[in-house]
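Student: Below is one structure. I have some questions about it.
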DNA sequence: CTCTACCGGTGTATCGATTCACTGAAACGA
DNA sequence: TCGTTTCAGTGAATCGATACACCGGTAGAG
């Protein structure tokens, strides 16, 4: 046993300086005590390498300074990027991030969130991937929660960052329509097979409006999940002329499938993504996609949470607008 | 104020059941008390939705059940993937993950690690990006630490997952040599400009052995950092025939640069990466790279830490062997 | 020359769970 | 029937930091 030398406590400083524990506590935060004492205490604290035990502090003060970040699937590149952005943003507020990953299983989300809350996080940021089940009322009543692009049944939210999926879908479909596409396959997440998800509904409605033939295909939320599916869809006699993927990760798999089949993109088939991941301009061909500013998303979400924790109850909903980025994976129908 | 209803405590259960706090504590873990009491306590606990406060438990018991994961740069795709794998692995052991990101600044690493340790994590996993500065002796003596592909000056480690960079470099250089390449640019991380990093040293030594002309170019550890650099390198009159990137993220930027310059890969120039990120087979052209099994890495690192926490002091060093994955971004020199 | 305000501190309860030392009662062997 | 276990449970201390109540001494206001 290398024996971890126990961390110094406030009590040790008290003994060392001959002061009371209370005095040291005040001195360390520069309150109520004489400058001379403050200096003396500081010196000893520095020498011992003291820092207040956050566990004890949390027990007393009720706050842990830690936020739970629950993402639906860290296998998804967009959510990875989001996690990065959120973590960075939280850090600027002096908050730590506990990360949890439902790994693609929406049924896990409530359980994991509950476990995070049990860990006594001060707040929760939830970026679900599907229609999360269960009743979030109790959890969210106890722990301030901000959602990012998702709905939590029964939740009472401290904030909400919504994505205007409807507009995003509209931009994509109009883009494809303008290029002459008529038969379009839409790959959505498998978990989202429930037909009432707003994104899928938007697809159906707007396709009808534009007179497009849109087939919704549920798809695993991962790189490897979409490739076989793409192979199947593209092998049909009445192959769609465009594939609209509801995440860039899915689109990457589809691109791979096209390469395997020897199909040219966009010559034989056009591909569109939905996250505009940083890499999407580097794949081949560069992917047409819909961009949702991750930085603004992270900033807004963290902002809501921090405001809520500070007791300020202001505006707590924002809608992130999409912006279609046209690259080389879409072209006119042959 | 929506007023978060405070979480139930063991004391409330005690009052509700008419038992002492002690009895409830024992009952909840099924010890020492009669079966009837256990059942009664359980019933009340369930009804109240009780779960033990981990903060209080940590204060008493010394353990928080949380591990700190410090990565050098979450902007790097490989480290994102690693973070995912580690988080998942920790979860299988019932441990939570606190995530911290040095964001490419090696000078930040020690500070961040200290902050994590101050948060009272039970252990630390560190995947540094560069030659981390500072003295890690004190920190690592107090908090069990496992490194992943990196060295920490002065550290006393609970475990170490090393990458056999030398072999990896060797495989790449021999591969390029066999294809007839002579002039090779090697893009390494900017932070790693110190010439004694083992990877860079390996490059120099093995290039000499093979009679290759290798130029080491320091490069920002990100997608956007490598593109301009690639443009500069590729614009020279005596352009190298191959570029060896010490991370896939860097290689992606280089690929992008090549496309901008209208250079064909591998016709005009061959590109090699060094992480084999899942996306590397999807970029265009699919990237030749060196694979280090992330799953094995994560499993080993977490395993070392868990064993150490359990008091078992066994083997605590493993070397991950590289495997060169040849794809289409490398070809014979024209 | 009082009365009050303030200064620089100290003692103690508190946060929630755990655990050691103890106790009254029942059970049990001799 | 007496002495000893075992059972089921209680009280109090503990972990480390914080905050409230309090206290003697001094300085300034009236």
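Protein chains in written order, with this note's numbering: chain A, 512 to 845; chain B, 512 to 845. Every residue gets a Cβ at the ideal spot worked out from N, C-alpha and C, and that includes glycine. Because the structure is a prediction, the values reported are computed rather than measured.
How would you label residue 841(A), buried or exposed, when you count the other beta carbons within 10 angstroms and need 16 or more for buried?
Tutor: Its Cβ being crowded by 16 or more others within 10 Å, residue 841(A) is buried.
Student: Need the endpoints of the alpha helix (DSSP H) that residue 589(B) sits in, please.
Tutor: Segment 588 to 603, the alpha helix (DSSP H) holding residue 589(B).
Student: Out of 755(B), 794(B) and 770(B), which one is the CA nearest neighbour of residue 783(B)?
Tutor: Of the candidates 755(B), 794(B) and 770(B), the one whose C-alpha sits nearest the C-alpha of residue 783(B) is 755(B).
Student: Near residue 613(A), which residues of its chain fall below 8 Å by C-beta distance, leaving aside the five closest residues on each side in sequence?
Tutor: 581, 582, 583, 584, 619, 620, 623, 639 and 640.
Student: Would a check of beta-carbon distances place residue 703(B) closer than 8 Å to chain A?
Tutor: Low per-residue confidence applies at residue 703(B): pLDDT is 48, beneath 50, and the placement is therefore not dependable enough to give any value.
Student: With residue 767(A) as the anchor, note down where its alpha helix (DSSP H) starts and where it stops.
Tutor: Run containing residue 767(A): 759 to 772, per the alpha helix (DSSP H) assignment.
Student: Can you list the residues of chain B that residue 763(A) reaches, using a CB-CB cut of under 8 Å?
Tutor: The contacting residues are 790 and 793.
Student: In chain A, which residues lie less than 8 Å from residue 560(B) when you measure between Cβ atoms?
Tutor: By Cβ distance, chain A contributes 649.
Student: Excluding the 5 residues flanking residue 514(A) on each side, which residues of the same chain have their C-beta closer than 8 Å to its C-beta?
Tutor: Low confidence applies to residue 514(A): its pLDDT is 42, below 50, so where it sits in the model is not reliable, and the reading given next is rough at best. For residue 514(A), where only same-chain residues beyond five positions count, there are no Cβ hits under 8 Å.
Student: Within 10 angstroms of its Cβ, does residue 587(A) collect 16 or more other Cβ (buried), or is it exposed?
Tutor: So residue 587(A) counts as buried.
Student: Counting only the same chain and skipping the five closest in sequence on each side, list residues whose C-beta sits under 6 Å from that of residue 828(A).
Tutor: 671, listed in sequence order.
Student: For a contact meaning CB atoms closer than 8 Å, what does residue 565(B) contact in chain A?
Tutor: Chain A residues near residue 565(B): 629, 630 and 631.
Student: For a contact defined as C-beta to C-beta under 8 Å, what are the partners of residue 614(B) on chain A?
Tutor: Ordered by position in chain A, the residues that pass the 8 Å Cβ test against residue 614(B) are 599.
Student: Just to confirm, does residue 787(A) get its C-beta within under 7 Å of one of the non-hydrogen atoms of the ligand FAD?
Tutor: No copy of the ligand FAD appears in this structure; indeed no ligand is present at all.
Student: Is there contact here, the region 799 to 818 of chain B with the region 590 to 608 of chain B, by at least three beta-carbon pairs under 8 Å?
Tutor: Output reads yes: the region 590 to 608 of chain B touches the region 799 to 818 of chain B.
Student: According to DSSP, is residue 807(A) helix, strand or coil?
Tutor: Correct three-state label for residue 807(A): helix.
Student: Taking C-beta pairs closer than 9 Å, name the residues in chain B that residue 591(A) reaches, listed in chain order.
Tutor: Going along chain B in sequence order, the residues near residue 591(A) (Cβ under 9 Å) are 585, 588, 591, 592, 594 and 595.
Student: Counting along the chain, where does the alpha helix (DSSP H) carrying residue 557(A) start and finish?
Tutor: Here the alpha helix (DSSP H) through residue 557(A) covers 546 to 559.
Student: Here's a check: name, in chain order, each residue in its chain whose Cβ is nearer than 6 Å to the Cβ of residue 738(B), leaving out the five neighbours to either side.
Tutor: Correct list, in chain order: 764, 767 and 768.
Student: Within its chain, find whatever has a CB closer than 6 Å to the CB of residue 753(A); leave out the 5 residues flanking it on each side and keep chain order.
Tutor: Same-chain partners within the cutoff: 687, 692, 695 and 781.
Student: Measure how close the beta-carbons of residue 669(A) and residue 816(A) come, nearest whole angstrom, since I'm counting them as under 8 Å.
Tutor: Indeed they touch by this definition, with Cβ atoms about 6 Å apart.
Student: When burial is assigned at 16 or more other CB atoms within 10 Å of the CB, is residue 703(A) buried or exposed?
Tutor: Residue placement at residue 703(A) is flagged as unreliable, the pLDDT there being 48, under the threshold of 50; the coordinate-derived value follows with that caveat. It is buried - the Cβ of residue 703(A) has at least 16 other Cβ atoms within 10 Å.
Student: Note down, in chain order, all residues in the region 685 to 702 of chain A with a beta-carbon under 7 Å from any beta-carbon belonging to chain B.
Tutor: Listed in sequence order: no entries.
Student: So with CB distances below 8 Å, who are the chain B contacts of residue 575(A)?
Tutor: Under the 8 Å cutoff, chain B gives 566.
Student: Indicate whether residue 646(A) and residue 664(A) have their beta-carbon atoms separated by less than 8 Å.
Tutor: Their beta carbons are under 8 Å apart, which means residue 646(A) touches residue 664(A) by this criterion.
Student: Between the region 518 to 551 of chain B and chain A, which residues of the former have a C-beta closer than 7 Å to a C-beta of the latter?
Tutor: From the region 518 to 551 of chain B, only 518 have a Cβ closer than 7 Å to chain A.
Student: How big is the Cα-Cα spacing for residue 524(B) and residue 550(B)?
Tutor: Residue 524(B) and residue 550(B): Cα-Cα distance of roughly 13 Å.
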